[in-house]
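Just below is one structure, and these are the notes that go with it.
Residue numbers (my numbering): 25 to 702.
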């Protein structure tokens, strides 16, 4: 904890009444008497889904990107702390994975036990009070997670706890209640902490007084990690329901003296019937008595947001203007450091306990982008703290592995340009084919195909697309082509599975009414990273966007013959999809025939090295799908980056045109039109 942070919090006592996963408990500091009628203002700050986006820099493009970066969020943190004495800073998770820096420190040149991870280094300097654990924290495996968090995990496959080294990690506590070791049935991390803070309050006489406030902090992560990182977690940990554990632990936290309870839950909102395994259970978490504030994330959205059309923020009981979920003050601070969540609680003391006056509590997500379109200044201490890691990462990603004679981009992947996808599919299919031939002779007669998706499809604006230009292909370009640290998996499926797979992927599109004369947006809220597609001339299909979801895939064939329901194939994909990620029917982990230890990105790099020179004819022109032709009375539109129409033309998309050069969003996007009749 830094001296600067001590000042921001006024006088601070020791941290901790640890959760029940701890073997010892620090004695409570004796608080001075508090008069009935005393009030206090307490501000909770949230970062979430930082994904090691420390600097305002894009390692794929090797260029500054002022719209992102913790170095700018840090400026907002300092400004928020200057507004009042009683401020606590929390992180929601998905912190240690997501950029080339994180991959470099985890996979390329792994950090040693005595080295603090770059992300945690700057968070330590910022003076965080506590943090949760997101699903992406598990992407590099449990030994790495234990090391960089300074933890010791009692799980199968790791040395006995007594034999594990105490490594460098964050200087703040991390909490996670719902991931449990199968070995000892205890939470992997401490489920909660109780932070003791002496705060500045106002007595009933109007004079300033010091008062002890004990803030309980509990953490949760999506139970679906068991599928997403099955290769690391199977047989080692399990999960329990978020609602059940909150019901168990929150009364315990109150009994141990918590005046306030803050839930850090890495997930969004979903009012589907409750299941202990549900990914986004915070709608139900908010209904558990005793929670004073919720810090949420995972969905990469902004809440509160009065104009949001996102379904999860327009549910019954969700106030997207005031930032309340079933009455609980709640914030979600976007992703990559673009926002800082701020909950200002008004506390009142009645002689026995503190309570939150919700009528005087405010919630907001403060952006690093100012109203004039500029961005807040970066905190220079952040970049300076990780300059060595930054430069080492740049040197690594510049390593050339091949060349390309065409632009491999995802600007028009939604409408049929496969320039950034085919080489990924080729690399995966080649890798799986060779493995099956050498090791799985019982499957040698089955065709091997591959699916991949446009991982960067404009969600964050015009800069959020894959863009590998003609010329040398370096490691950073491979990371741009394949964004996530997944591993290659192979699944054995039949024709029905393929049809269902593609029907799910086709949720990417809205249902188009051909008779409508006004503009209709083609792209739905279904994530681009779930828009799986084949890019083989052997497999052909059409997507009819005039039909309802589940009835869109037409003329599905393999080598010019209709695919039969029981016809078998091997599909190369990734561990996320093969293990159930994205909820594709039948693709739930049971069909995996090969769980490779090799990362998709490494397989891609090896493939490009072997090919040396990529060409559009060989690696970017094979097309599996087309839209079913239909004439529409009005325009059908989609968004992509400004000024990219020549790339659509180069890919043969003559039915695409520019409708508006600036879509008005302020995100460097244009509105394009597609003629579905051509």
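Every residue, glycine too, gets a C-beta built ideally from N, C-alpha and C.
Straight-line Cα distance separating residue 622 from residue 594: Within the chain shown, the letter at position 570 stands for residue 594. Within the chain shown, the letter at position 598 stands for residue 622. Residue 594 and residue 622 have their alpha carbons spaced roughly 18 Å apart.
C-beta contact flag for residue 125 and residue 324 at 9 Å: Taking the chain shown and counting its residues from 1, one reaches residue 125 at position 101. Taking the chain shown and counting its residues from 1, one reaches residue 324 at position 300. Contact: no.
C-beta contact flag for residue 449 and residue 555 at 9 Å: Residue mapping note: residue 449 aligns to position 425 of the chain shown, counting from 1. Residue mapping note: residue 555 aligns to position 531 of the chain shown, counting from 1. Going by C-beta atoms, residue 449 is not nearer than 9 Å to residue 555.
Buried versus exposed call for residue 240 [16 or more other C-beta atoms within 10 Å across all chains shown]: For the purposes of this step, residue 240 is taken as residue 216 along the chain shown, with counting starting at 1. Classification of residue 240: buried, given that the 10 Å Cβ count is 16 or more.
Which residues DSSP lists as bridging residue 259, in chain order: Stepping through the chain shown from its first residue, residue 259 is reached at position 235. In the DSSP assignment, residue 259 forms no beta bridge with any residue.
Beta-carbon gap between residue 198 and residue 243 smaller than 9 Å: Looking up residue 198 in the chain shown gives position 174. Looking up residue 243 in the chain shown gives position 219. Yes, Cβ-Cβ distance for residue 198 and residue 243 is below 9 Å.
Cβ shell of residue 104 (< 8 Å), same chain only, five flanking positions each side left out: Residue mapping note: residue 104 aligns to position 80 of the chain shown, counting from 1. Beyond the five residues adjoining it in sequence on each side, residue 104 comes within less than 8 Å, by CB distance, of 67, 69, 111, 364, 366, 390 in the same chain, given in chain order.
Whether residue 439 touches residue 662 by CB criterion (9 Å): Taking the first residue of the chain shown as position 1, residue 439 is located at position 415. Taking the first residue of the chain shown as position 1, residue 662 is located at position 638. Residue 662 is positioned such that its CB atom lies closer than 9 Å to that of residue 439.
Burial state of residue 351, where buried means 16 or more other Cβ atoms lie within 10 Å: Numbered from its first residue, the chain shown carries residue 351 at position 327. It counts as exposed.
Check whether residue 200 and residue 259 have beta carbons under 9 Å apart: Sequence index remark: in the chain shown, residue 200 carries index 176 (1-based). Sequence index remark: in the chain shown, residue 259 carries index 235 (1-based). No. Outside cutoff.
Proximity winner among 285, 99, 597, 86, relative to residue 71 (alpha-carbon distances): Taking the chain shown and counting its residues from 1, one reaches residue 71 at position 47. Residue 99 is the option with its Cα nearest to residue 71.
Inter-stretch contact (C-beta, 8 Å, three-pair minimum) for the segment 564-583 and the segment 493-501: No: the two stretches stay apart, fewer than three of their Cβ pairs being nearer than 8 Å.
Cutoff 7 Å; reference residue 437; Cβ partners in own chain excluding five residues on either side: As a position in the chain shown, residue 437 is number 413, starting the count at 1. These residues qualify, in order along the chain: 444, 445, 478, 481.
Residue 188 to residue 173 span [Cα, whole Å]: Sequence index remark: in the chain shown, residue 188 carries index 164 (1-based). Sequence index remark: in the chain shown, residue 173 carries index 149 (1-based). Distance between the alpha carbons of residue 188 and residue 173 is about 13 Å.
Proximity below 9 Å, CB of residue 319 to CB of residue 116: In the chain shown, the residue the question calls residue 319 occupies position 295. In the chain shown, the residue the question calls residue 116 occupies position 92. In contact: residue 319 and residue 116 (Cβ atoms closer than 9 Å).
Contained beta strand (DSSP E) runs [length at least 3] in the segment 47-126, N- to C-terminal order: If we require 3 residues or more, the beta strand (DSSP E) runs fully inside the segment 47-126 come out as 63-71, 111-115.
Where the beta strand (DSSP E) containing residue 592 begins and where it ends: For this step, residue 592 is matched to residue 568 along the chain shown. Note, residue 592: beta strand (DSSP E), 592-598.
Integer Cβ distance of residue 692 from residue 486, believed to fall under 8 Å: Here residue 692 refers to the residue found at position 668 when the chain shown is read from its first residue. Here residue 486 refers to the residue found at position 462 when the chain shown is read from its first residue. So it is a contact: roughly 3 Å between Cβ atoms.
Residue nearest to residue 90 in terms of C-alpha spacing, selected from 547, 267, 399: In the chain shown, residue 90 corresponds to position 66, counting from 1. Selected option, being the one with the closest Cα: 399.
Outcome for residue 607 when other beta-carbon atoms lying within 10 angstroms are tallied against a minimum of 16: As a working note, residue 607 is residue 583 in the chain shown. Classification for residue 607: exposed.
Simplified DSSP state of residue 586, which is helix, strand or coil: Walking along the chain shown from the start, residue 586 turns up at place 562. Reduced to three states, the DSSP call for residue 586 is strand.
Inter-residue spacing [alpha-carbon to alpha-carbon] between residue 627 and residue 388: As a working mapping, residue 627 is identified with position 603 in the chain shown. As a working mapping, residue 388 is identified with position 364 in the chain shown. Cα to Cα, the separation comes out at about 43 Å.
Separation of residue 407 from residue 102, as counted between CA atoms: Within the chain shown, residue 102 is the residue found at index 78, counting from 1. Within the chain shown, residue 407 is the residue found at index 383, counting from 1. C-alpha separation (whole angstroms): 16 Å.
Sub-9 Å separation of residue 119 and residue 605 beta-carbons: Taking the chain shown and counting its residues from 1, the one referred to as residue 119 is at position 95. Taking the chain shown and counting its residues from 1, the one referred to as residue 605 is at position 581. No, Cβ-Cβ distance for residue 119 and residue 605 is not below 9 Å.
Alpha-carbon spacing of residue 326 relative to residue 469, whole angstroms: For the purposes of this step, residue 326 is taken as residue 302 along the chain shown, with counting starting at 1. For the purposes of this step, residue 469 is taken as residue 445 along the chain shown, with counting starting at 1. Their backbone Cα atoms lie some 49 Å apart in a straight line.
Rounded separation between residue 121 and residue 217 - CA only: Here the question's residue 121 lines up with position 97 in the chain shown. Here the question's residue 217 lines up with position 193 in the chain shown. Using only the alpha carbons, I get a separation of about 24 Å.
Under 9 Å between C-beta atoms of residue 349 and residue 307: Here residue 349 corresponds to residue number 325 of the chain shown, with the count starting at 1. Here residue 307 corresponds to residue number 283 of the chain shown, with the count starting at 1. Yes, these two residues count as a Cβ contact at 9 Å.
Nonlocal neighbours in the same chain, by C-beta distance under 6 Å from residue 668, ignoring five residues either side: Taking the first residue of the chain shown as position 1, residue 668 is located at position 644. Counting only Cβ-Cβ distances below 6 Å, and skipping sequence neighbours, we find 435.
Inter-residue Cα distance where the pair is residue 82 and residue 417: Looking up residue 82 in the chain shown gives position 58. Looking up residue 417 in the chain shown gives position 393. Answer to the nearest angstrom: the Cα atoms are 11 Å apart.
Neighbourhood of residue 166 by C-beta distance below 7 Å, restricted to the same chain and skipping five residues each side: For this step, residue 166 is matched to residue 142 along the chain shown. Cβ neighbours of residue 166 beyond the five flanking positions: 177, 179, 182, 256, 260.
Residue burial classification, residue 53 (beta-carbon count within 10 angstroms, cutoff 16): Position 29 of the chain shown holds residue 53. Reliability of the predicted coordinates at residue 53 is poor, the pLDDT of 47 falling under 50, and no value is obtained from them.
Residues that DSSP places opposite residue 564 in a beta bridge: Counting from 1 along the chain shown, the entry for residue 564 is found at position 540. DSSP lists 581 as partners of residue 564.
N-terminal and C-terminal residue of the alpha helix (DSSP H) that residue 197 is part of: Your numbering for residue 197 matches position 173 in the chain shown. It is not in any alpha helix (DSSP H) - residue 197 carries neither H nor E in the DSSP assignment.
Straight-line Cα distance separating residue 395 from residue 588: By one-based count along the chain shown, residue 588 stands at place 564. By one-based count along the chain shown, residue 395 stands at place 371. Rounded to the nearest angstrom, the gap between the Cα atoms of residue 588 and residue 395 is 56 Å.
Closest Cα partner of residue 648 within the set 461, 689, 582, 321: The residue given as residue 648 occupies position 624 in the chain shown. For the residues 461, 689, 582, 321, the minimum Cα distance to residue 648 belongs to 582.
Sequence-distant residues of its chain with Cβ nearer than 6 Å to residue 430 (five each side left out): In the chain shown, counting from the first residue as 1, residue 430 sits at position 406. So the list reads 640, 644, once near-sequence residues are dropped.
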